[in-house]
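Working notes, structure below.
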Amino acid sequence: MKVILLLIIVSLLVAIGFLVAFFWAVGTGQYDDEVTPSIRILFEDPKASEDD
Numbered sequence: 025m026k027v028i029l030l031l032i033i034v035s036l037l038v039a040i041g042f043l044v045a046f047f048w049a050v051g052t053g054q055y056d057d058e059v060t061p062s063i064r065i066l067f068e069d070p071k072a073s074e075d076d
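Residue numbers (this note's numbering): 25 to 76.
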């Protein structure tokens, strides 16, 4: 029984840690780039030079 309680507590701590990291990322502007994904398809990939 003690092991189950320990696992529940550890899993809650990990989940809270991920939630805090997510809110930190949103708060610092990690997800603010709204332009690049919509225009990325318009640009061609640079062609690799073939030295044969």
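From the three backbone atoms N, C-alpha and C, an ideal C-beta is built for every residue, glycine too.
Measure the alpha-carbon distance for residue 45 versus residue 39 and round it to whole angstroms.
Against the sequence shown, residue 45 aligns to sequence position 21. Against the sequence shown, residue 39 aligns to sequence position 15. Roughly 10 Å between the two C-alpha positions.
Helix, strand or coil for residue 59, going by three-state DSSP, please let me know.
Position 35 of the sequence shown, counting from 1, holds the residue named residue 59. Three-state DSSP puts residue 59 in coil, outside helix and strand.
Specify, as a first and last residue, the run of the alpha helix (DSSP H) that residue 40 falls within.
Along the sequence shown, read from residue 1 onward, the residue named residue 40 stands at position 16. Run containing residue 40: 26-51, per the alpha helix (DSSP H) assignment.
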